[in-house]
Structure formats: C-alpha cells, structure tokens
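For reference, the structure is listed below as structure tokens.
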Amino acid sequence: MSDPVAGVAVRVAAARVLAAVLRGRSLKAELATALPRFDDSRDRALLEAICFAALRQRTRYDAALQAWMPKPLTARDAELRGLLLAGFAQLDALQLPPHAALSATVEAARALGRSRQAGMVNALLRRAQREGLPAADPAEAWPGWLRARVSADWPWQAAAIFAASAEPAPLWLRVNRARIARADWLQKLDADGIEGTADDRLADAVRIDTPLAVSALPGFAEGEVSVQDAAAQAVADALAPPAGARVLDACAAPGGKAAHLLERDPSLQLLALDVDPRRLRRVADTLQRVGAQAQLKAADAADTAAWWDGRLFDVVLLDAPCSATGIVRRQPDVLLHRRAQDIDALVALQARLLDALWTVLAPGGVLLYATCSILKDENERQIDAFLSRTPDAVTEPLDAGFGHVSGVGRQTLPGEGGRDGFFLARLSKRKA
Ligand SMILES: C[S@@+](CC[C@H](N)C(=O)[O-])C[C@H]1O[C@@H](n2cnc3c(N)ncnc32)[C@H](O)[C@@H]1O
Numbered sequence: 003m004s005d006p007v008a009g010v011a012v013r014v015a016a017a018r019v020l021a022a023v024l025r026g027r028s029l030k031a032e033l034a035t036a037l038p039r040f041d042d043s044r045d046r047a048l049l050e051a052i053c054f055a056a057l058r059q060r061t062r063y064d065a066a067l068q069a070w071m072p073k074p075l076t077a078r079d080a081e082l083r084g085l086l087l088a089g090f091a092q093l094d095a096l097q098l099p100p101h102a103a104l105s106a107t108v109e110a111a112r113a114l115g116r117s118r119q120a121g122m123v124n125a126l127l128r129r130a131q132r133e134g135l136p137a138a139d140p141a142e143a144w145p146g147w148l149r150a151r152v153s154a155d156w157p158w159q160a161a162a163i164f165a166a167s168a169e170p171a172p173l174w175l176r177v178n179r180a181r182i183a184r185a186d187w188l189q190k191l192d193a194d195g196i197e198g199t200a201d202d203r204l205a206d207a208v209r210i211d212t213p214l215a216v217s218a219l220p221g222f223a224e225g226e227v228s229v230q231d232a233a234a235q236a237v238a239d240a241l242a243p244p245a246g247a248r249v250l251d252a253c254a255a256p257g258g259k260a261a262h263l264l265e266r267d268p269s270l271q272l273l274a275l276d277v278d279p280r281r282l283r284r285v286a287d288t289l290q291r292v293g294a295q296a297q298l299k300a301a302d303a304a305d306t307a308a309w310w311d312g313r314l315f316d317v318v319l320l321d322a323p324c325s326a327t328g329i330v331r332r333q334p335d336v337l338l339h340r341r342a343q344d345i346d347a348l349v350a351l352q353a354r355l356l357d358a359l360w361t362v363l364a365p366g367g368v369l370l371y372a373t374c375s376i377l378k379d380e381n382e383r384q385i386d387a388f389l390s391r392t393p394d395a396v397t398e399p400l401d402a403g404f405g406h407v408s409g410v411g412r413q414t415l416p417g418e419g420g421r422d423g424f425f426l427a428r429l430s431k432r433k434a
C-alpha cells in the first residue's frame, strides 16, 4: 500500500464498488470507474483483489454478518455491508496483516459517514480475526435455478464446479511467439525473480500462481506477453487455420483470440467483427500492442447483408456471447446478475449467429464454435440442434486435450488443469 490515507481510500472505494455490484451493477464497469482514481498500481491491485475476494466468498461473509449482527442490515446499509465484506476478505481470503486491515477499514467506516458504526465494524472484524469466518457450501452462491441447471448438466462434477468457481484463477499468460520464444521469455521472468511455469499442453502458455500486476512482467508493455486463460489459448490449436487463410473472427472483442492467431501466423487475412464499436476499439489496441494486423468492422455478425463483401471465408471463429458460467471465478458478479431468461435469449442469439455465419463459410472450410459457458443448452445441445438443421455440416473430432466429451464438442470445466470452463466444437462444411 502506498500510504495510510490511500489505504483508507482503497477501503472506501471497495465498499462503494461492492455496494453498487450488490445493487445490480457490473463489477467490471464499477472497477473501470473506481480504479483510475488511484495513481499507485499497488492501491489499484489491492482494490481489485478486495472486491474479487469479497464477491467470491460472499456467502460465507454474509453468513457471518447474519450470525453476528444484532440487527440485520437494511438496503440503506449497502455501503456498510460492502465495507464489512471488504474487511472480511482482507482478513480471510487475502490474509492481509490484521492490524493494517482493521485500522484502515474502521477508518473507512468514518470516511463513509458511518462514525457511529465504526465500533461495531471494529468488533465484527476482531471477531472474524479471532474465530475465523464460517464455512459455507460454495453452491449457495449460485442462484437456485442456475445451480439446478449446472447440477442437471454435470451431476458428477457440479460440486467441484461450484468449489472451483469460488477460488481465484491463476494468472495465465500467452507469450507472443512473433516477438520472443517462450523459453527466452521464461528466462527473463526468472531473472526478475518471478516464478512461472510453461504449460506442456499449450505451446505459448505460461502459468503464474502468485498474484502480481501485469505491468511488473518483463516485456509486457512491448507486447511480448498478454493475459489469456489457458482454455482460451486452446482455441488457436482447435482452429489451426492453414497459412494465409481468410479468417473471420465474428465476435472478436477485446481481441485476445484474434491476436493469438495472428501472432502464430501473420500471413492470415483476418476480419475482426464485433457488434459493439467501443469494444472493437479494444481489438485495435490489443492488435497494436502485439504488433498484429487485421481488418476491423463494427457490425452484427448475424446481419451478413450489413458487412459481408461476398467472398467466402476459409475459417470462421464464433466465440459466441454466452452466460459466462465457465468464468465465474473471474466474473463473480455473474451469479448476482444472471437471470434465467438471459439464457433463452443467448441460446437464440447463438443459433442466429451460427446459421448466418455458416453461409459465409467456404465449402471445405471450418467453423469453430466456442463459449465460456458450462450449460449444455449453449453448448452441446446448441450444436446438436445446428447439425440437425444443417445437412452440409460435418463434425470434426477434437482430442481429449480439449476436455470432456460433450456431444460432438469438448468441454473443460472450471478449475480443471487450472483452466476456465470452456466449450469447443469444430465443424466443417461438406464440399458439394
Ligand atoms: C466472448 S466475447 C469475445 C471474446 C473475443 N473473441 C476474445 O478472444 O477476446 C463475445 C463478443 O461478442 C460480441 N457480440 C455479441 N453479439 C454480437 C453480434 N450479434 N455480432 C457480433 N458480435 C457480437 C460482444 O460484443 C463480445 O465482444
């Protein structure tokens, strides 16, 4: 932490971010506003770590509040609840030195205009320090309808899915092979005293288990490495476009998979589409940082009349918008915001995208369908339905390195091999 005043400001900001997220706002959007207010990267890292830890362990911390508070908190106490969750996260998940965590959090209660409750905050945090936080079943963090769907789809794995989704993810990096060999970059990492391991199954992946700011990584600003989960890195292997292929990345933002494909083969002619023009700008930034080039267009990929020039693609990547149920450990607020009707709308959108994109794929070409969902309606059942209405679609098997067999595709479940939950299906178009 930079200084004690900033330390209190970080706790105040954490309380406000958490209160907003618990009221229904997105964690990503709230952090995007809160983080730039801190100049010191250590303060920003701490704010992020507190918010993520508090949301991942929310059910345990809420259980403590329910058991230990004489009077339940009301809707008007949202910031106070946020502050208490933040306090528990510091002592429990983050294991910060208790004295500093306690004094900054109690001071933050005063800064939030809650001087009268500062004593109570102090008492609750001391109790947490003394007794520890109660255990809770990680499944309880999932809304009932979603828990039921996951349990129905993955009866034997559901408990492990819920548990893994409450744990922090390792930091996965992708080494830009156009700039530096992975072994050489690992040497630089070692010289900086940071421990990282090359993943045997993925040619570009490095895993780091101790949390650190990416700005501390050698060559990060120069685009030698990017942050990307191992499951997402597997997409480039599953797609494996031939040299010089015309590639469509239909849902490209923020550009991680497009960048990976181009780092591997700069001869690809890649068109990156995204419906959201602001997110598409992030693709431009991503590609510039790693030194890759592509054509970028803001358009609804399903509305081919609006963007397609009539030339067929050899390869299509549909990294579809989805429920994000495979990445709850990275987006813990998914569990607070997702509604059952969202899934129906997503399934319909994915089907519309599949049907439209099939028409721009050349005979003999390959479409890879990917989601970071673990729900079979978005994954194996989505692809089964597509195959039954698309006579010229042929399935191409993916090997066991891509996860469990799931219909004609493969599924990794959250935490397996340190990876996110991710589904892949590879389809080719029969030649006439
Ligand atoms: C899972 S993300 C893609 C991640 C990206 N492939 C990467 O590796 O960085 C899904 C993207 O689909 C975009 N999207 C949603 N509906 C779309 C549509 N109808 N046409 C094109 N893009 C769409 C969203 O804006 C979002 O950026």
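Under our numbering, the first residue of the sequence shown is numbered 3, with each subsequent residue one higher.
Think of the CB as a built atom: it goes at the ideal place given N, C-alpha and C, for glycine as much as any other residue.
Shown here, residue 184 sits in a helix according to DSSP, grouped into three states. Around the C-beta of residue 30, fewer than 16 other C-beta atoms lie within 10 Å, and the residue is accordingly described as exposed. Taking the Cβ atoms as the reference, residue 61 lies roughly 17 angstroms from residue 133, outside the contact range of under 8 angstroms.
With a cutoff of 8 angstroms on beta-carbon distance, residue 256 and residue 288 are scored as near each other.
Secondary structure at residue 76: coil, using DSSP grouped into helix, strand and coil. Set against 7 angstroms, the gap from the CB of residue 102 to the closest heavy atom of ligand 1 is not smaller. Taking every protein chain shown into account, the CB of residue 243 has 16 or more other CB atoms within 10 angstroms, so this residue is buried. Not a single heavy atom of ligand 1 lies less than 7 angstroms from the C-beta of residue 320. DSSP places residue 424 in the uninterrupted beta strand (DSSP E) bounded by 424-431. Proximity of the segment 136-153 to the segment 46-53 falls short of the contact definition, fewer than three beta-carbon pairs being nearer than 8 angstroms. Within the model, the alpha-carbon separation for residue 345 versus residue 87 is close to 29 angstroms. Taken from the Cβ of residue 53, every heavy atom of ligand 1 lies 7 angstroms or farther away. Excluding its 5 nearest sequence neighbours in each direction, residue 408 has C-beta neighbours in its own chain below 8 angstroms: 378, 381, 382, 425, listed in chain order. For the 8 angstroms CB-CB criterion, residue 324 and residue 375 form a contact. In the three-state DSSP reduction, residue 220 falls in the coil class, being neither helix nor strand. Rounded to whole angstroms, residue 41 and residue 98 show a C-alpha spacing of 21 angstroms. Residue 395 places its beta carbon less than 8 angstroms from that of residue 431.
Contact annotation, residue 84 with residue 130: C-beta distance approximately 16 angstroms; criterion of less than 8 angstroms not satisfied.
In the structure shown, residue 59 falls within a coil segment according to DSSP collapsed to helix, strand and coil.
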